[in-house]
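Enquirer:
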Amino acid sequence: SEENDAKGTDCLIVFNRSSAHFKDSVTPVDVKVSYAIEFTASDGAAGTMDTHTTSTTTSIPVAEIQTIIVQPTDEP
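Residue 77 in our numbering sits at position 72 of the sequence shown, with consecutive numbering throughout.
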């Protein structure tokens, strides 16, 4: 739902280098998501279901990595 989309996520993927050195220039990524399920039916019944987990592998091209290098200084 749009409401859930607006809440965002704490999911984060960090790449430390480009994928140019990998086969086909893509980085393989294994993704696994688990859902805790609670429900309320239209008749008022409510409950929980077993955790649902799904996983897949995909490939993401990482064309460039940008980094800022800051030299230490004694000045405040």
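Quick reminder that beta carbons are idealized off the backbone N, C-alpha and C, glycines included.
1. Provide the residue span of the beta strand (DSSP E) that contains K37, from first to last.
2. CB T63 to CB V34, shorter than 8 angstroms?
3. How do the segment 66 to 80 and the segment 12 to 30 stand: do at least 3 beta-carbon pairs fall below 8 angstroms, yes or no?
4. Give the DSSP bridge partners of I65, in chain order.
5. Can you list, in chain order, the residues of its chain with a C-beta nearer than 8 angstroms to that of K12? Leave out the 5 residues immediately preceding and following it.
6. For T53 versus V38, is the C-beta distance shorter than 8 angstroms?
Expert: Reading from the atomic positions:
1. Where K37 is concerned, the enclosing beta strand (DSSP E) stretches over T32 to T45.
2. Result yes, Cβ atoms of T63 and V34 sit closer than 8 angstroms.
3. yes
4. T32
5. Take K12, set aside five residues on each side of it, and no residue of its chain has a beta-carbon closer than 8 angstroms to its own.
6. no
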